[in-house]
Amino acid sequence: MSESIAPEEFAEQAPDIHAIQNKWQAYWDENGTFLAGGDEDPRPRKYVLAMFPYPSGDMHMGHASNYLYSDIVARYWRHRGHNVMQPIGWDSFGLPAENAAIQRGADPREWTYGNIAQQRESLGRYGVSFDWSRVLHTSDPEYYQWNQWLFQQMYDRGLAYRTESPVNWCPNDQTVLANEQVIDGACDRCGATVIKKKLTQWYFKITDYADRLLDDLDQLEGRWPHKVLQMQRNWIGRSIGADIDFEIEGRADKVTVFSTRADTLHGATFMVVAPDSDLAAELVATASPETRMRFQDYLDQTQKQTDIERQSSDREKTGVPLERFAINPVNGEKLPIWAADYVLADYGHGAVMAVPAHDQRDLDFALKFELPVRVVLDTSAEGEELANPAETGEALTGEGVLINSGELDGLPKADAIARMIEILADSGSGRASKQYRLRDWLISRQRFWGTPIPMIHTADGRIEKVPSDQLPVRLPVAKDIDLKPKGTSPLGGATEWVTTVDPVTGEQALRDPDTMDTFVDSSWYYLRFLSPKSDQFAFDPNEADRWAPVDTYIGGVEHAILHLLYARFITKVLHDMGLVKFTEPFSALINQGMVLLDGSKMSKSKGNLVQVSEQLDENGSDAVRVALAFAGPVEDDKDWNDVHTAGAKKFLARALRAAQDVASEPGISFDGGDKALRGVTHHLLNDAPGLVEQTKYNVVVARLMELVNAIRKTIDSGAGAADPAVREAVETVAVVLDLVAPHTAEEMWEILGHAPSVSAVDWAPADPALLVEDEVTAVVQVNGKVRSQLQVPADISVDDLEKLAREDEKVLRFIGDKQIFKAIVRAPKLVSLVVK
């Protein structure tokens, strides 16, 4: 190792931050400083994980904040005596790599692994305390083999299935998207408007776990951000109600409608079905030629619209009558059936009973097409006249009692719902039911750069699993395939690859040409880190018992639905398989805000990235880390223009200089040192754990700055650098500074005469005696504005504090010739004077 900077040189020159950085990174690599301890390590375990990056280029400052925060957590728990695992890998399959390869005429592997190498170098220079022995890439066959194993396990349990249904189709990327990947009607990858298309695709049956996914969120209250829990609850969207069976004239099978308001069944005056549903196509088949033509035009128009547009409340209602009638099961009335785009084919059963008096969308539709409106719920206040929605245009949606509803008349809404469900059940025309906004997870993708689906399609129409001893099904060489998106998977055109053998008959068969959604890769990767090199299993259940679930997970709130929901689902499946003992993958979640530039999100396409490597070259790792940590609360967005690396460098230089100035030897007793400085030191030791665990990292940095200033004041005073309180304070700075500026902290620790690594040093406990304040700062306000501050004894009386405030020169100057009408005294910290 290189020698430390000599004290006499340090005062004359700025520290060589890159030399210090390189020195300690080499030491960590050579000594395996941050490798997680094995079975023989007696310390309690902590698993800290940041969401792994996508290798789209070099890291930008958004990555830098994410891995800074995870590193603060990891280093903190090491200082608290824990055996910490903080692994890193790359989410390396997906469309960006494939699109980049198409543009360059290259193999996606070249682009992907080149970017990984670049990001790995930047992460190494950034000084994050990763366990580099556990690196994984999801595009390695050694990883995606276990995606294929997981798929087949899901298939065996009836949780993976293939069916034809309307899907979200991105016309730009030429692939299907899961519902969660459509944001405001657009593809979350490229922003193209998504359309509906009917295709046969593979799904994971996540809806089987809807109740558990919803109810288990209670386990995470107080440990995940409330906003994220609410977003998950809203996305799952459980509704409690009834399935109601309607007979259709001329049709043998009944049509089932789900409703949360079974009590309003007497108010149903028509039925609406989704125009893109199979039911609509069947019903209109017997209509007149004119109606069939109108319906086809309407269907074509509907398929060009997004679900968001179709369900917008302020759109004019449109529809086509299907010339068919449903029979209301409680009163026998004939209800005309319409196709209307505000009903979605994949929600409920694709049909709704329309109760226009009590549903605004149904009312808008009824008024547009002059359909009956019947009030069955009296929502008026006592003494008020009941409004008529047909005249006001406003549906009655509040609480009330039933009217015009036979035996339900006079019942309040809740009782009426329960009674109507009993009536339906007794007559065999309905039952209590639940519905969910959540839809099964569509995992097929018509692209090359992903995990091949490990299934075989036989000549006689069977679907068979690829034999387990033939896994992984590896991707072919990309240069032999036309990767350009064309609506079907490029793998389907790779004749040699797609042709295989039926494992049952030995006859020729075809591989499934689609690849898996990359969210499959990230749904269980946290477990692969436990056994990253194993070729025997996806992960060792014994290691899962030791390490999992993840104690602290760090990442952006943009993953609040997609990734987190899927990871929770797969974890529950693995639990049911007996492979893990827990049901939630991430015990605590930290969401960091974005790092912006000029108020905009950093984006490669916008050309407004601030590259980590450039900042490391210019400012060094520690200054970047300190500046980001100090810039504001973790959850807040931060504009890079407001992140001050220059100030961070000055602070770090002052901290290093303080270590150089210490004149006492290691191991001395701190008793008897400067009491004021020791008080500042021990207040930091007392407060820092709570601040870190509350993610107030900016406050920790501010307190470190305060302590460094106090050290300088003491050194420059009569006590000087030999005061034992100075050594105690500087050692405390070194240990706590390790969270945000580890290279500087290591250098300080060595300068102070200690063996590395400072990362392994337990935080000293605070001395309670030094937390008792002899003096405090009392604030004096005049008419609500701070006009003076007084240093007073901590046990000062109310009368004495008021007297000092009234006699203070600054206060008297502001009062002038005015009179004090009121004095509010909160000894020992506040005096508020009201003058006129």
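Taking full-length UniProt numbering, the leading residue of the sequence shown gets 1, the next gets one more, and so forth. Backbone N, C-alpha and C fix where the C-beta goes; we use that ideal spot for every residue, glycine too.
- In the three-state scheme derived from DSSP, where H, G and I count as helix and E and B as strand, Glu-775 is classed as strand.
- Just so you know, the alpha carbons of Asp-617 and Ser-757 end up roughly 25 Å apart.
- In terms of Cα proximity to Glu-775, the closest of Ala-26, Ala-494 and Val-680 is Val-680.
- For Met-293, the number of other beta carbons within 10 angstroms of its own is below 16, and it is reported as exposed.
- Closest by C-alpha distance to Ser-664, out of Gln-181, Gly-753, Ile-17 and Val-284, is Gly-753.
- In this structure, the beta-carbon distance from Leu-442 to Gln-219 does not fall below 8 Å.
- In the three-state scheme derived from DSSP, where H, G and I count as helix and E and B as strand, Asn-709 is classed as helix.
- Under the DSSP assignment, Val-735 falls in the alpha helix (DSSP H) whose first and last residues are 724-737.
- Inter-residue distance for Gly-493 and Asp-482 is about 8 Å (C-alpha atoms, whole angstroms).
- Scanning Glu-30, Leu-95 and Met-61 for the CA closest to the CA of Thr-515 turns up Leu-95.
- The Cβ neighbour count for His-226, taken over all protein chains shown within 10 Å, is under 16; the residue is labelled exposed.
- Taking 3 residues as the minimum length, the beta strand (DSSP E) runs contained wholly in the segment 252-306 are 255-259 and 270-273, in order along the chain.
- Here Asn-147 is buried: its Cβ has 16 or more other Cβ atoms, across all protein chains shown, within 10 Å.
- Membership of Asp-29 in the alpha helix (DSSP H) is indicated by the continuous run 17-31.
- Here the alpha carbons of Val-255 and Ser-312 stand approximately 26 Å from one another.
- Per the coordinates, the alpha-carbon of Asp-211 lies some 10 Å from the alpha-carbon of Leu-217.
- For Asp-215 and Glu-323, the gap between their C-alpha atoms comes out near 43 Å.
- Going by C-alpha positions, Val-726 is about 19 Å away from Ala-702.
- Listed in chain order, the beta strand (DSSP E) runs fully inside the segment 741-805 are 775-782 and 785-793, counting runs of at least 3 residues.
- Setting aside the 5 residues that flank it on each side, Thr-732 is surrounded in the same chain by Thr-681, Leu-684, Leu-685, Leu-707 and Ala-764, each with a C-beta closer than 8 Å to its C-beta; the list follows chain order.
- A distance below 7 Å between beta-carbons, with the five flanking residues on each side excluded, links Thr-193 to the following residues of its chain, in chain order: Gly-185, Ala-186 and Thr-306.
- Within the same chain, and ignoring the five residues on either side of Asn-115 in sequence, the residues whose Cβ sits closer than 7 Å to its Cβ are Pro-55, Ser-56 and Gly-57.
- Ala-646 sits exposed, since fewer than 16 C-beta atoms from the chains shown fall within 10 Å of its C-beta.
- By the C-beta density criterion, Glu-747 is buried, having at least 16 other C-beta atoms within 10 angstroms.
- Counting of Cβ neighbours within 10 angstroms places Ser-133 among the exposed residues, the total staying below 16.
- Judged by their CB atoms, Ser-259 and Met-353 are nearer to each other than the 8 Å cut-off.
- Take Val-504, set aside five residues on each side of it, and the residues of its chain with a beta-carbon closer than 8 Å to its own are Thr-458, Arg-462 and Glu-464, in chain order.
- Here Gly-81 is exposed, its C-beta having fewer than 16 other C-beta atoms within 10 Å.
- A residue is called buried when at least 16 other Cβ atoms come within 10 angstroms of its Cβ; Glu-98 meets this threshold and is buried.
- The C-alpha of Tyr-209 is placed about 10 Å away from the C-alpha of Asp-440.
- Judged by beta-carbon spacing, Lys-304 lies beyond the 8 Å limit of Tyr-342, meaning their Cβ atoms are not closer than that value.
- The DSSP-derived three-state label of Val-401 is strand.
- Note that the segment 135-146 touches the segment 466-477; at least 3 beta-carbon pairs, one per stretch, sit closer than 8 Å.
- In this structure, Phe-630 keeps its C-beta atom at 8 Å or more from the C-beta atom of Asn-709.
- Ile-456 and Glu-496 have their C-alpha atoms roughly 14 Å apart.
- Between Ser-621 and Gly-32, the C-beta gap is not smaller than 8 Å, which leaves the two residues out of contact.
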